[in-house]
Amino acid sequence: MTLDLTVKIGNLLLKNPVMPASGCFGYGEEYAAFYDLSCLGAIVVTGTTAEPRPGNPPARLVETPGGMLNAIGLQNPGVEAACEKIRRLQPYKTPVIVNVAGNTVEEYLQVIKVLEREETVAAYEINISCPNVKAGGMAFGTEPGTAAKLVAALRPATSKTLIVKLSPNVTDIVAVAKAVETAGADAVSLINTLLGMAIDVEQRRPVLANLTGGLSGPAVKPVALRMVWQVSAAVNIPVIGMGGISNAEDAVSFLLAGASAVAIGAANFRNPTVCPEVIAGIKDYLLRHGFQSVREITGLARTEEEKRRRAK
Ligand SMILES: Cc1cc2nc3c(=O)[nH]c(=O)nc-3n(C[C@H](O)[C@H](O)[C@H](O)COP(=O)(O)O)c2cc1C
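For the sequence shown, the numbering used here gives the first residue as 22, with consecutive numbering after it.
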């Protein structure tokens, strides 16, 4: 039986629904030593700003039970230098999605303007959810009106697929998702990290120099799954689900909850071949359950649950 793993995100046709999450894969260079990156559905590169950023001072990482806190703070070489690294991904013939960040609407626009010249760039993931920077970042993503204004300002700047990456650090993520959909987003991705902190009790001070950081890894999966379930029920654009995925079963649960595709972040640090393993595991799941296309399982847990409730 031929298995169809393709999914559509905006005007992108991905060969399968699996991609690395931004900031956890650099520009792919290190991972290319482990496997052929052309097997990925897409390559999502690190958060990119107009100017180079050194990120926050150390300590920037803390291990936590079932996860990690990071306060990297969007360290990146700036958009001009990023273009060179992105061009090196061209031979993989896999869509490259650039995570775009900025302090102001103008900075986001400036980054997109430079990236528009790059043929290798297939789509933008607008980061309105970084919890580790003083200005911009999450400030754009916690209020629906502010998020919508940013997306409306960026939409005319490109005909490429515009994905908006949502923050879980809100009371109502559905309201933000709906607002960015109305403003012209082609897809949403969620979740970014959950704001957290760690204290060194011997030193009696916060471990991270930034005081707070973003929590990711298996510990956040139930929160992410709940948000994907709620958002995908409320919007008509595709959802890219992420947060704590470390194996195929995790990935399938996000697809069943309503995600059209999934991204894998922190798990790449523990297991550099996690992405191809998850692709193989999704195939195996579809074959075992007699599905012909991965699209058949998007939101299936939700639609079956609705049927069960109606039948009662
Ligand atoms: C070290 C690190 C750096 C990250 N950098 C970015 C980034 O530049 N842009 C972004 O949108 N998300 C960034 N994230 C968030 C991830 O892309 C992802 O949304 C989050 O970690 C949840 O997925 P996970 O539990 O699979 O890691 C980063 C996460 C980590 C752990």
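Idealized CB from N, CA, C, for every residue including glycine.
| request: For the segment 253-261 and the segment 233-241, state whether three or more C-beta atom pairs, one from each stretch, are separated by less than 8 Å. | output: They do not touch, by the three-pair rule.
| field | K199, enclosing alpha helix (DSSP H) - first and last residue | value | In the sequence shown, counting from the first residue as 1, residue 199 sits at position 178. Residue range I194 to T203 is occupied by the alpha helix (DSSP H) that includes K199.
| query | On the three-state DSSP scale, how would you describe S59? | reply | As a working mapping, residue 59 is identified with position 38 in the sequence shown. Here S59 sits in helix by DSSP.
| query | Mind checking whether S210 and M159 have CB atoms under 8 Å apart? | reply | In the sequence shown, counting from the first residue as 1, residue 210 sits at position 189. In the sequence shown, counting from the first residue as 1, residue 159 sits at position 138. Contact: no.
| field | DSSP state of P297 mapped onto helix, strand, coil | value | Here residue 297 refers to the residue found at position 276 of the sequence shown. In the three-state reduction of the DSSP assignment, P297 falls in the helix class, which pools H, G and I.
| CB-CB length for V66 against S43, believed under 8 Å | Translated into the one-based positions of the sequence shown, residue 66 becomes position 45. Translated into the one-based positions of the sequence shown, residue 43 becomes position 22. Confirmed, Cβ separation roughly 7 Å.
| task | Alpha carbon to alpha carbon, how far is E327 from K333? Give it in angstroms, no decimals. | result | For the purposes of this step, residue 333 is identified with residue 312 of the sequence shown, where counting begins at 1. For the purposes of this step, residue 327 is identified with residue 306 of the sequence shown, where counting begins at 1. About 10 Å.
| query | Among E72, A92 and A230, which one has its Cα closest to the Cα of P98? | reply | As a first step, residue 98 is located in the sequence shown; it is residue number 77 there, counting from the start. Selection E72, A92 and A230 evaluated against P98 yields E72 as nearest (Cα-Cα).
| Using the C-alpha atoms, what's the distance from I133 back to T69? | Taking the first residue of the sequence shown as position 1, residue 69 is located at position 48. Taking the first residue of the sequence shown as position 1, residue 133 is located at position 112. The straight-line gap from Cα to Cα measures roughly 10 Å.
| task | Flag this pair as yes or no: are the beta carbons of A269 and G302 separated by less than 8 Å? | result | The residue you call residue 269 lines up with position 248 of the sequence shown. The residue you call residue 302 lines up with position 281 of the sequence shown. Cβ distance < 8 Å, so A269 and G302 count as in contact.
| For G279, which of R291, K181 and A254 has the nearest alpha-carbon? | Taking the first residue of the sequence shown as position 1, residue 279 is located at position 258. Measuring from the Cα of G279, the nearest candidate turns out to be A254.
| query | Among all the DSSP beta bridges, which residues are the ones paired with I220? | reply | Here residue 220 corresponds to residue number 199 of the sequence shown, with the count starting at 1. I220 pairs with P227.
| message | Looking at the secondary structure, which residues open and close the beta strand (DSSP E) in which L187 lies? | response | Numbered from its first residue, the sequence shown carries residue 187 at position 166. For L187, there is no enclosing beta strand (DSSP E), as DSSP marks it with neither H nor E.
| Across which residues does DSSP place K29 in a beta bridge pair? | Position 8 of the sequence shown, counting from 1, holds the residue named residue 29. Paired residues: L34.
| said: Taking 7 Å as the cut-off, is the beta-carbon of K181 closer than that to any non-hydrogen atom of ligand 1? | reply: Taking the sequence shown and counting its residues from 1, the one referred to as residue 181 is at position 160. Using a cutoff of 7 Å, the CB of K181 does not count as near ligand 1, since none of the ligand's heavy atoms is closer than that.
| field | For A322, the three-state DSSP class (helix, strand or coil) | value | Taking the first residue of the sequence shown as 1, we reach residue 322 at position 301. The answer is helix: DSSP assigns A322 an H, G or I state.
| task | Have a look at the DSSP bridge pairing and note the partners of L82. | result | Here the question's residue 82 lines up with position 61 in the sequence shown. Per DSSP, the beta bridge partners of L82 are N91.
| Less than 7 Å between the CB of N120 and some heavy atom of ligand 1, yes or no? | What you label residue 120 is simply residue 99 of the sequence shown in a count that begins at 1. Judged by the Cβ position, N120 qualifies as a neighbour of ligand 1 at the 7 Å threshold, a heavy atom of the ligand being closer than this.
| message | Looking at the strands, I want to know which residues DSSP matches up with E146. | response | Reading the sequence shown from its first residue, position 125 is the one you call residue 146. Secondary-structure assignment with DSSP links E146 through a beta bridge to N120 and I184.
| When the distance is taken between beta carbons, is P38 closer than 8 Å to S281? | Within the sequence shown, the letter at position 260 stands for residue 281. Within the sequence shown, the letter at position 17 stands for residue 38. The Cβ atoms of S281 and P38 sit closer than 8 Å to each other.
| Residue range of the alpha helix (DSSP H) that G235 falls in? | Within the sequence shown, numbered from 1, the residue matching residue 235 stands at position 214. Not the alpha helix (DSSP H): G235 falls in the beta strand (DSSP E), residues G234 to S237.
| field | Identity of the residue in L34, L82, R176 and Y48 nearest T214 by Cα | value | Your numbering for residue 214 matches position 193 in the sequence shown. Scanning L34, L82, R176 and Y48 for the CA closest to the CA of T214 turns up L82.
| Whole-number beta carbon distance between L276 and T182, since they are thought to touch under 8 Å | As a first step, residue 182 is located in the sequence shown; it is residue number 161 there, counting from the start. As a first step, residue 276 is located in the sequence shown; it is residue number 255 there, counting from the start. In fact, because the Cβ distance is near 19 Å, the residues do not count as touching under 8 Å.
| said: Less than 8 Å between the beta carbons of R176 and G205, yes or no? | reply: Against the sequence shown, residue 176 aligns to sequence position 155. Against the sequence shown, residue 205 aligns to sequence position 184. Their beta carbons are under 8 Å apart, which means R176 touches G205 by this criterion.
| message | Let's test the definition: count the other Cβ atoms within 10 Å of the Cβ of A54 and tell me whether it reaches 16, buried, or not, exposed. | response | Residue mapping note: residue 54 aligns to position 33 of the sequence shown, counting from 1. So A54 ends up on the exposed side.
| How close, in whole Å, do the beta carbons of N120 and G157 come, if the pair is a contact with beta carbons under 8 Å? | Translated into the one-based positions of the sequence shown, residue 120 becomes position 99. Translated into the one-based positions of the sequence shown, residue 157 becomes position 136. Contact flag wrong, Cβ pair sits at about 13 Å.
| With DSSP run on the structure shown, which of helix, strand or coil describes P41? | As a position in the sequence shown, residue 41 is number 20, starting the count at 1. Per DSSP, reduced to three states, the secondary structure at P41 is strand.
| request: Rank F161, T115 and E128 by C-alpha distance to the C-alpha of A144 and give the top, closest one. | output: Position 123 of the sequence shown, counted from the start, is the residue given in the question as residue 144. Measuring from the Cα of A144, the nearest candidate turns out to be T115.
| task | Determine the contact status of G62 and L24, defining contact as a CB-CB distance below 8 Å. | result | By 1-based counting over the sequence shown, the position of residue 62 is 41. By 1-based counting over the sequence shown, the position of residue 24 is 3. Taking 8 Å as the Cβ cut-off, G62 and L24 do not qualify as a contacting pair.
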